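Below is one structure, written out as structure tokens; the observations come after it.
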Amino acid sequence: MPETAGRPDDRRDPREPGSRIRSFVHQRNRLTEGQQNAWDRWWPGLGRDVDDVVAGAVDSGTPWDPHAWFGRDAPVLLEIGSGMGETTAALAVAEPEIDHVAVEVFEPGLAQLLMRVTDAELSNQRLLRGDAVDLLEHAVAPASLDGIRVYFPDPWPKRRHHKRRLVQPAFAALAASRIRPGGTLHLATDWSDYAEGMRAVCAAQPALELRDESAPGSGWSRRPDWRPMTKFEARAVEEGRPVRDLLYTIVQLRATGDLRSVTG
Numbered sequence: 448m449p450e451t452a453g454r455p456d457d458r459r460d461p462r463e464p465g466s467r468i469r470s471f472v473h474q475r476n477r478l479t480e481g482q483q484n485a486w487d488r489w490w491p492g493l494g495r496d497v498d499d500v501v502a503g504a505v506d507s508g509t510p511w512d513p514h515a516w517f518g519r520d521a522p523v524l525l526e527i528g529s530g531m532g533e534t535t536a537a538l539a540v541a542e543p544e545i546d547h548v549a550v551e552v553f554e555p556g557l558a559q560l561l562m563r564v565t566d567a568e569l570s571n572q573r574l575l576r577g578d579a580v581d582l583l584e585h586a587v588a589p590a591s592l593d594g595i596r597v598y599f600p601d602p603w604p605k606r607r608h609h610k611r612r613l614v615q616p617a618f619a620a621l622a623a624s625r626i627r628p629g630g631t632l633h634l635a636t637d638w639s640d641y642a643e644g645m646r647a648v649c650a651a652q653p654a655l656e657l658r659d660e661s662a663p664g665s666g667w668s669r670r671p672d673w674r675p676m677t678k679f680e681a682r683a684v685e686e687g688r689p690v691r692d693l694l695y696t697i698v699q700l701r702a703t704g705d706l707r708s709v710t711g
């Protein structure tokens with residue numbers, strides 16, 4: 448599902464003049480009664496705000512430790528833009544040996560995911576509300592994640608809004624630096640020109656090696672059977688929009704995003 452909520456807006460982040468342009472416009476959305484109940488009951492135990500995680504890392508001078516949050520030492524996958532949580536929860540159910548962290552700004556989606564997590568009695572799913580790039584840049588240690596997943600990010604289809612797209616050169620470098628060698632970066636989109644842009648951006652990163660090609664020399668990965676088909680993706684297929692997967696293995700780490708704000 449799309450990672451963003453709100454209308455297109457070309458303004459930079461008002462909190463910091465000259466800061467990067469964010470890939471989302473955050474608006475407070477009203478929760479349904481069921482979502483509000485889920486939020487009140489389960490968010491304190493299963494959710495945190497990215498701003499709090501970043502502040503904790505900066506104040507302590509040490510990177511965020513997701514293993515302490517889960518209470519075990521297991522592989523950690525970060526999903527950016529979990530939408531309503533359909534894919535997120537299904538993958539957590541299918542991969543109990545992996546700990547999953549979903550980062551999203553859309554509160555109704557996070558509340559819906561809370562309901563899915565509790566209904567399935569999942570112990571390997573946690574939720575973060577806020578900007579995933581802030582999290583990666585200021586709180587996540589280099590080579591500490593086993594993978595990052597970005598499924599159907601907001602395509603920002605108008606040309607003047609392309610600068611808001613999440614997958615840009617700086618993001619690809621940052622994401623690759625936060626994933627361990629042998630880990631994976633998995634992108635998927637149904638927007639053709641965004642898919643082409645993602646592929647070009649990632650091809651320019653020596654740390655990323657495309658895997659599982661759909662055909663020799665195609666430049667696209669096969670759609671993995673284990674990635675659930677959501678209603679959103681099914682609608683894209685029905686409407687004739689080809690869905691592209693790009694699955695990369697980290698083969699080397701680059702000295703980008705050095706956590707200067709955490710380690711000094």
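Take 448 as the starting number for the sequence shown in this note's numbering and just add one per residue.
The beta carbon of each residue, even a glycine, is placed where N, CA and C say it ideally should be.
These numbers come from a predicted model, not from an experiment.
Reduced DSSP secondary structure (H/G/I, E/B, other) of residue i
| i | result |
| --- | --- |
| R495 | strand |
| V587 | coil |
| V614 | coil |
| L694 | strand |
| E686 | coil |
| G530 | coil |
Classification of residue i by the beta-carbon crowding that lies within 10 angstroms, buried from 16 upward
| i | result |
| --- | --- |
| T479 | exposed |
| Q699 | exposed |
| S661 | exposed |
| P604 | exposed |
| R643 | Note that residue 643 is Glu in the sequence shown here, rather than Arg. E643 should be labelled exposed. |
| S665 | exposed |
| D637 | buried |
| V648 | buried |
| D546 | buried |
| V564 | buried |
| E656 | exposed |
| R691 | buried |
| E544 | exposed |
| S668 | buried |
| S529 | buried |
Contact belief for residue i with residue j at Cβ below 8 Å, rounded distance in angstroms
| i | j | result |
| --- | --- | --- |
| A623 | A654 | 4 Å |
| I595 | I527 | 7 Å |
| A440 | H633 | Any property of residue 440 remains undetermined from this structure, which presents the chain solely from 448 to 711. |
| T677 | E533 | 5 Å |
| Q482 | Q559 | 6 Å |
| D581 | V501 | 6 Å |
| V497 | G577 | 3 Å |
| P628 | A590 | 7 Å |
| V548 | L575 | 6 Å |
Checklist entry - Quick one: complete alpha helix (DSSP H) runs, 4+ long, within the segment 538-599? => result Here the runs fully enclosed are 554-566 and 579-585.
Item to check | Start-end ranges of the alpha helix (DSSP H) lying completely within the segment 603-677, minimum 4 residues | outcome: Runs found: 616-625 and 639-650.
Next on the checklist: Under 8 Å: do the segment 498-516 and the segment 536-544 share three or more Cβ pairs, one atom per stretch?
Outcome noted: Not touching, per the Cβ criterion.
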